[in-house]
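Asker: Submitted below is the structure of interest, expressed as structure tokens.
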Amino acid sequence: GREIALTAGGGASVELPEEGGLVALTFDDGPRRDTTSWLLEQLELREVPATFFMVGSRIPGNEDLIRQMKEQGCQIGVHTYDHVDVTGLSQTDFDLQIGKTRILLREILGEGNYWLRPPYGFVDQGVRTWSEGPIILWSVDPEDWKDRDVHRIVSAVTEHVKDGDIILLHDIYDSSVDAALAIADNLTARGFTFVTVEQLAALRGVSPQAGVKYHKFPAGG
1166 GREIALTAGG GASVELPEEG GLVALTFDDG PRRDTTSWLL EQLELREVPA
1216 TFFMVGSRIP GNEDLIRQMK EQGCQIGVHT YDHVDVTGLS QTDFDLQIGK
1266 TRILLREILG EGNYWLRPPY GFVDQGVRTW SEGPIILWSV DPEDWKDRDV
1316 HRIVSAVTEH VKDGDIILLH DIYDSSVDAA LAIADNLTAR GFTFVTVEQL
1366 AALRGVSPQA GVKYHKFPAG G
């Protein structure tokens, strides 16, 4: 995008908004009752859809939140059952982590494409072979789990984000939820439009393939 600094009265610099673009806000490791429910409520007020990659063991008892995600137009994916590195697993163990989580989601939401985000972004040939869907990684990672510093997390995203980016956050920290909402407001004001990962791919004319890793979907490939 273009940024033009104009000198306003008093020498203050005014930035014209960038021409905008599409961006996907994604959350890993939930659901967590208090943080995820607040996040959903605030995203709904902003009409911002997000993509949630969920840990299967956290789903029981939070079925209502998962239904709410779908009702709000969010996308739901799999982040394993126990938040484990899925590289080096046997096919049986892989299925216990991924297949078991998908079964839980299908019981709550019905049939659907529950795409995989492997913990830590670790992928090997087994993961590619057995994923039964695209492997969704990310292009902007503020490492929000490190210091839980809202201001730093927001800056780490807003200063670097570009059209087509996939932003990685975690909906299990209050600080990350606060940061996500500030990021949503900042980017919306700058002309960005929030979409789910699935929408982002579709709007860019990409049909994500099973076993292929995707980090972002910029215009023009």
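Going by the numbering used here, the sequence shown opens with residue 1166, and the numbers climb by one from there. Where a beta carbon is used, it is the ideal one built from N, C-alpha and C, also for glycine.
(1) What are the complete beta strand (DSSP E) segments, minimum 3 residues, inside the stretch 1183–1233?
(2) Alpha helix (DSSP H) containing valine 1292: first to last residue?
(3) Count the other CB atoms within 10 Å of the CB of phenylalanine 1287; is the residue buried (16 or more) or exposed (fewer)?
(4) Can you list, in chain order, the residues of its chain whose CB lies under 8 Å from that of valine 1315, leaving out five sequence neighbours each side?
(5) When you compare only the Cα positions, how much space is there between glutamate 1183 and methionine 1234?
(6) Return helix, strand or coil for glycine 1286, following the three-state DSSP convention.
(7) Taking the Cβ atom as the reference point for each residue, do aspartate 1306 and histidine 1244 lie within a distance shorter than 8 Å?
(8) For arginine 1197 versus isoleucine 1318, is the C-beta distance shorter than 8 Å?
(9) How far does the alpha helix (DSSP H) with threonine 1257 in it extend, from its first residue to its last?
(10) Shortest alpha-carbon distance to glycine 1277 belongs to which of Thr1201, Gly1242, Leu1190?
(11) Below 8 Å on the Cβ atoms is my contact criterion, and I expect glycine 1329 with lysine 1381 to pass it. Report the Cβ-Cβ distance as a whole number of Å.
Answerer: Looking at the atomic coordinates:
(1) You should have 1186–1193, 1216–1219.
(2) First-last of the alpha helix (DSSP H) with valine 1292: 1290–1295.
(3) Under this definition phenylalanine 1287 is an exposed residue.
(4) Counting only Cβ-Cβ distances below 8 Å, and skipping sequence neighbours, we find Ser1340, Asp1343, Ala1344, Ala1347.
(5) Since pLDDT at glutamate 1183 reaches only 45, below the 50 mark, its modelled position is unreliable, and the value read off the structure follows with that caveat. Looking at the two C-alpha atoms, the distance is approximately 30 Å.
(6) Note: glycine 1286 maps to helix in three-state DSSP.
(7) In this structure, histidine 1244 does not lie closer than 8 Å to aspartate 1306 by Cβ.
(8) Not a contact, by the Cβ cut-off of 8 Å.
(9) It spans 1256–1262 - the alpha helix (DSSP H) in which threonine 1257 sits, taken as one unbroken run.
(10) Each of Thr1201, Gly1242, Leu1190 was checked against the Cα of glycine 1277, and the nearest Cα belongs to Gly1242.
(11) The distance from the Cβ of glycine 1329 to that of lysine 1381 is about 5 Å, consistent with a contact at the 8 Å cut-off.
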